[in-house]
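Protein chains in written order, with the UniProt record's numbering: chain U, 1 to 274; chain X, 1 to 373; chain V, 1 to 532.
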Amino acid sequence: MSMLEQLTHRDRVFDFLAPVASPVDVRHGPILYMEGVNVSFDGFKAINNLNLTVDDGELRCIIGPNGAGKTTMMDIITGKTRPDTGSVWFGSRHNLLTKSEPDIASLGIGRKFQKPTVFEALTVFENLELAMAADKRILPTLTAIMKPEYRDRINEVLETIGLQQLRDRLAGILSHGQKQWLEIGMLLMQKPRLLLVDEPVAGMTEQEMERTAELLTSLAGKQSVVVVEHDMGFVRSIARHVTVLHQGSVLAEGTMDQVSNDPEVIKVYLGEEA
Amino acid sequence: MAVSQNWLLRPFQERSTQIFLGVLFAALVVVTFLHLFMPQDSALHVSAYTVTLLGKYLCYALLAVAVDLVWGYLGILSLGHGAFFALGGYAMGMYLMRQIGDRGTYGDPILPDFMVFLNWGELPWYWLGFDMAWFAFIMVLLAPGILALVFGFLAFRSRVTGVYLSIITQALTFALMLAFFRNEMGFGGNNGLTDFRDILGFNLRTDATRLGLFIATGIALAIGYVICRAIVASKLGRVSIACRDAEARTRFLGYRVERVQLFVFVVSAMLAGVAGALYVPQVGIINPSEFSPLFSIEIVVWVALGGRATLYGAVIGAILVNYAKTVFTGVMPDAWLFMLGGLFVLVTVFLPKGIAGLLKKRQKQPQTQEATA
Amino acid sequence: MSIIRSLTLLLIALVSLWSLPASAQDDDPGKALLANLAEAPASNVEEAINAIVSSGDPRARGWLEAYGNNRLSRIKDTGQVVVVLNNRGRDWEIANPLTGENMGDMSRRELDRVAINNAIRGQLEGILAMLDLNAADPHVREASAQDMMGKVDASLVEPLEARLELEENANVRNRIEEALAIYRVGEGDIEAVDVLAGSLHPRARAALNQAVRSDDPVLAKKAGQALGTIEQKLKLNRAAETLYFGLSLGSVLVLAAIGLAITFGVMGVINMAHGELIMLGAYTTWGMQQLLPGQPGLALILSIPAGFLVAATAGIIIERSVIQYLKGRPLETLLATFGISLILQQLVRTVISPQNRTVVTPDWMSGSLVINDALSLTLNRMYVLGFALVVFAALMLIMRKTRLGLEVRAVTQNRNMARSMGIRATRVDIMTFALGSGVAGLAGVALSQLTNVGPNLGQNYIIDSFMVVVFGGVGNLWGTLIAGLSLGTINQLLEPWAGAVLAKIIVLVFIILFIQKRPKGLFPQKGRAAEG
Numbered sequence: 001m002s003m004l005e006q007l008t009h010r011d012r013v014f015d016f017l018a019p020v021a022s023p024v025d026v027r028h029g030p031i032l033y034m035e036g037v038n039v040s041f042d043g044f045k046a047i048n049n050l051n052l053t054v055d056d057g058e059l060r061c062i063i064g065p066n067g068a069g070k071t072t073m074m075d076i077i078t079g080k081t082r083p084d085t086g087s088v089w090f091g092s093r094h095n096l097l098t099k100s101e102p103d104i105a106s107l108g109i110g111r112k113f114q115k116p117t118v119f120e121a122l123t124v125f126e127n128l129e130l131a132m133a134a135d136k137r138i139l140p141t142l143t144a145i146m147k148p149e150y151r152d153r154i155n156e157v158l159e160t161i162g163l164q165q166l167r168d169r170l171a172g173i174l175s176h177g178q179k180q181w182l183e184i185g186m187l188l189m190q191k192p193r194l195l196l197v198d199e200p201v202a203g204m205t206e207q208e209m210e211r212t213a214e215l216l217t218s219l220a221g222k223q224s225v226v227v228v229e230h231d232m233g234f235v236r237s238i239a240r241h242v243t244v245l246h247q248g249s250v251l252a253e254g255t256m257d258q259v260s261n262d263p264e265v266i267k268v269y270l271g272e273e274a
Numbered sequence: 001m002a003v004s005q006n007w008l009l010r011p012f013q014e015r016s017t018q019i020f021l022g023v024l025f026a027a028l029v030v031v032t033f034l035h036l037f038m039p040q041d042s043a044l045h046v047s048a049y050t051v052t053l054l055g056k057y058l059c060y061a062l063l064a065v066a067v068d069l070v071w072g073y074l075g076i077l078s079l080g081h082g083a084f085f086a087l088g089g090y091a092m093g094m095y096l097m098r099q100i101g102d103r104g105t106y107g108d109p110i111l112p113d114f115m116v117f118l119n120w121g122e123l124p125w126y127w128l129g130f131d132m133a134w135f136a137f138i139m140v141l142l143a144p145g146i147l148a149l150v151f152g153f154l155a156f157r158s159r160v161t162g163v164y165l166s167i168i169t170q171a172l173t174f175a176l177m178l179a180f181f182r183n184e185m186g187f188g189g190n191n192g193l194t195d196f197r198d199i200l201g202f203n204l205r206t207d208a209t210r211l212g213l214f215i216a217t218g219i220a221l222a223i224g225y226v227i228c229r230a231i232v233a234s235k236l237g238r239v240s241i242a243c244r245d246a247e248a249r250t251r252f253l254g255y256r257v258e259r260v261q262l263f264v265f266v267v268s269a270m271l272a273g274v275a276g277a278l279y280v281p282q283v284g285i286i287n288p289s290e291f292s293p294l295f296s297i298e299i300v301v302w303v304a305l306g307g308r309a310t311l312y313g314a315v316i317g318a319i320l321v322n323y324a325k326t327v328f329t330g331v332m333p334d335a336w337l338f339m340l341g342g343l344f345v346l347v348t349v350f351l352p353k354g355i356a357g358l359l360k361k362r363q364k365q366p367q368t369q370e371a372t373a
Numbered sequence: 001m002s003i004i005r006s007l008t009l010l011l012i013a014l015v016s017l018w019s020l021p022a023s024a025q026d027d028d029p030g031k032a033l034l035a036n037l038a039e040a041p042a043s044n045v046e047e048a049i050n051a052i053v054s055s056g057d058p059r060a061r062g063w064l065e066a067y068g069n070n071r072l073s074r075i076k077d078t079g080q081v082v083v084v085l086n087n088r089g090r091d092w093e094i095a096n097p098l099t100g101e102n103m104g105d106m107s108r109r110e111l112d113r114v115a116i117n118n119a120i121r122g123q124l125e126g127i128l129a130m131l132d133l134n135a136a137d138p139h140v141r142e143a144s145a146q147d148m149m150g151k152v153d154a155s156l157v158e159p160l161e162a163r164l165e166l167e168e169n170a171n172v173r174n175r176i177e178e179a180l181a182i183y184r185v186g187e188g189d190i191e192a193v194d195v196l197a198g199s200l201h202p203r204a205r206a207a208l209n210q211a212v213r214s215d216d217p218v219l220a221k222k223a224g225q226a227l228g229t230i231e232q233k234l235k236l237n238r239a240a241e242t243l244y245f246g247l248s249l250g251s252v253l254v255l256a257a258i259g260l261a262i263t264f265g266v267m268g269v270i271n272m273a274h275g276e277l278i279m280l281g282a283y284t285t286w287g288m289q290q291l292l293p294g295q296p297g298l299a300l301i302l303s304i305p306a307g308f309l310v311a312a313t314a315g316i317i318i319e320r321s322v323i324q325y326l327k328g329r330p331l332e333t334l335l336a337t338f339g340i341s342l343i344l345q346q347l348v349r350t351v352i353s354p355q356n357r358t359v360v361t362p363d364w365m366s367g368s369l370v371i372n373d374a375l376s377l378t379l380n381r382m383y384v385l386g387f388a389l390v391v392f393a394a395l396m397l398i399m400r401k402t403r404l405g406l407e408v409r410a411v412t413q414n415r416n417m418a419r420s421m422g423i424r425a426t427r428v429d430i431m432t433f434a435l436g437s438g439v440a441g442l443a444g445v446a447l448s449q450l451t452n453v454g455p456n457l458g459q460n461y462i463i464d465s466f467m468v469v470v471f472g473g474v475g476n477l478w479g480t481l482i483a484g485l486s487l488g489t490i491n492q493l494l495e496p497w498a499g500a501v502l503a504k505i506i507v508l509v510f511i512i513l514f515i516q517k518r519p520k521g522l523f524p525q526k527g528r529a530a531e532g
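Have a look at this one:
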């Protein structure tokens with residue numbers, strides 16, 4: 001973003017003035033703010049003038065048919081993909097477009113991938129250990145020691161995700177659902193301000209889905225959660241506020257009932273499901 | 001089980017490290033004993049030639065450990081580690097060259113023979129200081145370290161990994177080989193550096209110095225092994241594995257993957273440099289062929305045969321392959337390349353976990369101490 | 001009047017009246033002419049030569065050449081004039097000058113050399129050149145005129161001018177005019193400088209350089225200007241030559257890399273034995289020439305399909321025996337195929353020879369296309385350049401227009417989806433790999449015309465090939481073409497001031513840095529598919 005463009009945003013802190021590792025400032029508005037974001041791959045517009053705001057402590061569900069740009073949107077927020085135009089802010093202090101993935105993660109944005117990615121060659125315990133919020137620079141990591149309070153915290157999360165029995169097994173042997181849980185556990189270890197959760201219940205049984213729904217709703221309030229999900233039943237069970245993406249931009253926003261009655265939405269998406 | 005809080009001491013509590021160090025020191029002691037105290041005509045006598053040969057194997061073993069650190073734990077297949085090895089070797093070779101003094105063929109007190117031969121007027125600036133041992137020994141670490149730092153910084157920052165990285169590391173060592181072949185570079189061109197006389201005042205041609213170098217190499221291998229083990233057993237080691245298996249995930253956890261890669265890569269390059277520096281006085285020559293892509297890729301097959309991501313496997317592989325090479329190039333030189341080529345294919349297709357994998361399968365012990373404790 | 005001049009005037013009249021050689025030797029007028037020359041006293045030699053030249057006999061040139069080289073002798077017993085083919089040792093090998101028939105060895109004591117004095121010898125060169133200048137073939141005339149450049153002396157001016165009157169071929173005219181102008185500039189003729197101003201011939205430049213140092217300031221100035229124009233033209237020609245060599249080197253790189261662009265770029269398989277497949281192609285050419293001795297051209301043409309088949313078969317064997325088991329493990333594939341490359345190299349060393357083999361270049365490929373005095377393009381490189389472009393176009397067609405190309409793209413983009421649509425992915429793998437390998441074989445056939453064919457042939461190209469593919473952008477055939485040609489040209493541009501080795505190093509370092517700046521190459525693939 002050019003300097004001049006920044007100056008037009010009087011409500012925001014300029015990049016060069018922002019303290020490097022300052023906490024997220026949500027006094028003046030939303031925790032996540034995306035405006036006029038565009039991305040195209042080889043002429044294909046994956047994201048088309050997307051505007052989205054997520055409030056602090058909110059639980060937001062994002063739905064949309066395949067190719068609506070849900071995963072690309074997450075890639076933009078976490079710094080994996082850089083948009084062609086637009087601005088993305090975390091609180092009112094951090095311009096996410098100028099930051100790298102690890103920086104964004106350290107600011108307090110955690111992400112769960114669509115395909116569960118855990119470190120299969122490490123144990124469940126070690127997976128959580130790596131995710132733990134800590135000094136992640138090289139030398140502190142080299143000399144890091146396992147303090148009792150860290151162990152307690154890991155055990156706590158192990159209990160939350162129900163993998164205590166498997167703590168010393170390699171993550172590679174876990175079932176698909178267990179990997180999903182482990183990844184959610186890793187998110188929790190990060191203590192993020194904002195969680196981006198991509199299809200959390202794919203491959204889960206009914207009971208597991210229920211527990212996931214419980215967990216996510218319990219997180220909301222303390223943390224902000226953005227869930228991308230295909231499973232309508234699941235969305236209905238947790239969602240207070242739903243955003244429908246279609247062809248890279250927001251088609252509708254509102255409560256689940258409002259959205260599911262929107263004729264546009266029914267036409268492009270829900271119509272097929274219902 | 002109590003795990004030491006000091007990251008450097010942690011390896012000593014691991015079973016595998018204890019066994020490794022025990023075997024290594026036993027070997028050093030036995031060889032020394034057999035060399036010094038067995039009569040020359042005894043079947044058990046170990047000749048100075050054999051001692052030096054074993055010393056050479058230990059240098060290769062240290063080099064293999066360095067490669068295993070980046071390949072096994074970081075997933076970076078470097079096809080250019082021979083370059084770091086050779087740079088360390090050249091730094092040592094330059095020191096040894098300066099030690100010759102006026103005893104060279106041309107009797108020039110400062111200029112090495114090849115420079116006199118090429119009508120060089122004075123010592124090039126980058127040769128200055130190499131008459132001092134401490135300076136040369138620092139350069140043994142710095143020369144490969146800085147190359148790895150610059151190269152790694154550029155490569156990892158741009159997220160060049162996988163086969164791309166392998167290919168450009170190969171191109172790097174190839175370019176260096178071409179460069180060192182040039183006489184204008186001032187490193188002896190084709191012939192390299194040779195005709196060394198003494199090291200730290202000890203005559204390189206005496207048996208005692210050779211034995212000393214062998215023991216020094218053994219100790220260097222032990223230290224290098226423990227350093228690698230310490231890194232691997234630390235949280236950083238687990239982060240390395242994380243980078244290897246799911247780079248993007250690691251990044252989203254807040255780790256700077258490129259810095260982890262750079263750190264481990266530079267440590268590995270420096271270890272390779274030390275191996276090269278110990279290798280040169282024992283074989284008595286360093287020339288650009290150490291930069292050849294073939295040598296670098298051979299190192300990788302030692303590690304693959306021994307079993308990667310174990311470190312001790314690298315040592316086993318390096319010693320086995322090089323012993324086989326010594327035997328077969330002597331008996332039937334034509335067959336050696338067939339064997340080496342076959343080894344590449346067989347190990348990758350049938351023995352992906354190497355010899356160490358076979359050993360582990362037999363023991364079938366869960367390796368969890370380091371993590372849970 | 002000098003002998004040459006009278007000769008020439010006679011000759012000109014005879015240009016088109018070549019007499020046919022007589023069938024019977026005794027009736028052969030040549031016999032008398034030679035005898036006449038051999039027996040003539042010193043004062044009549046000119047006349048004898050005159051007679052030979054004016055006879056218009058096509059063999060005259062050979063006789064006079066032999067005469068000038070002291071190779072014309074008379075057998076003491078019979079008086080027969082013979083040509084000495086080999087005058088080393090005691091017995092000399094002789095031949096009949098009339099028929100060319102070899103007469104075996106004869107003791108040198110039985111032979112009597114036909115004497116020649118230095119005055120005649122000095123003129124003989126000019127006479128021979130004039131003979132050629134009257135030849136029927138304009139190429140011979142042009143070459144002879146070119147020979148005369150810088151050798152013209154006062155005695156030749158008049159016959160040359162006379163010849164110029166008659167000459168109809170523009171090229172020959174130019175040459176004669178230049179040859180004359182060089183002489184005239186030497187004599188201080190200012191207007192002749194204009195004739196030389198456009199000439200690239202080194203003799204013309206030498207003459208002008210002399211003129212620059214002349215006492216006549218007008219001449220010196222004018223010559224200086226002419227030299228300036230020539231220098232300009234030379235620069236252009238040198239640039240064109242560098243470009244040609246660059247494109248030629250580039251075409252070699254493209255050929256070596258294009259197969260890799262298929263196997264590595266499109267399929268994602270790292271084949272370190274690619275260089276050895278190139279080597280197999282080159283050895284196929286050699287083998288084909290051994291099978292068809294004396295017909296290097298035919299053998300070369302047959303080698304094109306044969307080299308493709310040999311390398312493709314080797315490729316299929318490699319794919320089936322090793323690579324298919326290492327799917328999805330690129331680093332292991334790299335190591336295993338490297339092992340295969342070692343085995344193939346050693347196989348060639350053991351079975352054929354560790355030494356280089358020579359592959360003959362057929363006549364129609366040797367020589368060069370002469371554009372002007374400063375620029376001539378070697379034909380073999382031109383053929384290779386053309387061949388590379390043809391191979392590239394063919395591959396492009398296969399990938400874009402055929403069913404196989406479609407299936408390859410489908411399988412590489414989404415293997416499972418392609419399979420579920422009924423594409424036999426394994427078969428596509430084999431076909432693609434065979435195609436890429438076969439193209440490597442074609443590269444080998446072409447390379448056999450430019451470099452030595454030896455066990456290390458492939459090794460020298462593997463790193464370059466990978467660099468070209470990566471530099472161009474993996475999976476992009478156009479990228480490979482442009483990367484290959486531009487890297488070749490850059491290399492050649494650097495060579496004059498950096499030397500061959502340093503140029504190569506600079507190019508390598510450049511690519512290493514470039515890849516780090518743009519990891520996906522010049523023409524990256526974008527989008528989700530490229531992320532995997």
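Ideal placement from N, C-alpha and C gives every residue a C-beta, glycine not left out.
Does DSSP put ASN51/U in a helix, a strand or coil?
-> It is a strand residue.
What did DSSP end up calling THR358/V once you bin it into helix, strand or coil?
-> Taken through DSSP and simplified to helix, strand or coil, THR358/V comes out as coil.
Start and end residues, beta strand (DSSP E) containing HIS28/U = Note, HIS28/U: premise wrong, no beta strand (DSSP E); not H, not E.
Under 8 Å between C-beta atoms, does ALA498/V make it to chain X?
-> Under the Cβ criterion of 8 Å, ALA498/V is not counted among the residues facing chain X.
First through last residue of the beta strand (DSSP E) which encompasses VAL124/U = Careful: VAL124/U lies outside any beta strand (DSSP E), inside the alpha helix (DSSP H) at 124–131.
Near MET38/X, what residues of its chain come up, given a Cβ to Cβ distance below 8 Å and the 5 sequence neighbours on each side ignored?
-> Around MET38/X: LEU44, HIS45, VAL46.
Less than 8 Å separating the beta-carbons of GLY224/X and LEU147/X?
-> Taking C-beta atoms as the reference points, GLY224/X and LEU147/X fail to come closer than 8 Å.
For THR348/X, which residues in chain V fall below 7 Å Cβ to Cβ?
-> Within 7 Å Cβ-Cβ: LEU326, GLU332, LEU335, ALA336.
Starting from the Cα of LYS151/V, find the closest Cα among ARG213/V, LEU124/V, THR78/V, ASP137/V and give me that residue.
-> The option with the nearest alpha carbon to LYS151/V is LEU124/V.
Cβ atoms of GLY521/V and GLY472/V: under 8 Å apart, would you say?
-> Closer than 8 Å, so yes.
Quick one: list the residues of chain X neighbouring LYS504/V, beta-carbon separation under 7 Å, in chain order.
-> Result: LEU178.
What in chain V is Cβ-close to PRO144/X, meaning under 8 Å?
-> Chain-order list of chain V residues neighbouring PRO144/X: empty, with the shortest C-beta distance near 17 Å, by a criterion of under 8 Å.
Contacting positions in the segment 131–145 of chain U - beta carbon closer than 7 Å to chain X | Sequence-ordered contacts of the segment 131–145 of chain U with chain X read ALA131, LYS136, ILE138, THR141, LEU142, THR143, ALA144, ILE145 [C-beta pairs closer than 7 Å].
TRP92/V - DSSP class collapsed to helix/strand/coil | In this structure, TRP92/V counts as strand in the three-state DSSP scheme.
Whole runs of the alpha helix (DSSP H) within the segment 114–196 of chain U, excluding any shorter than 4 residues = Complete alpha helix (DSSP H) runs here, min 4: 124–131, 138–142, 148–161, 176–190.
Looking at C-alpha atoms only, which residue of SER289/X, VAL31/X, VAL29/X is the closest neighbour of GLY89/X?
-> Closest option to GLY89/X, Cα to Cα, is SER289/X.
Would you verify that the beta carbon of ASP159/U is, or is not, closer than 8 Å to some beta carbon of chain X?
-> The question names Asp, but residue 159/U in the sequence shown is Glu. No - not a single Cβ of chain X is within 8 Å of the one on GLU159/U.
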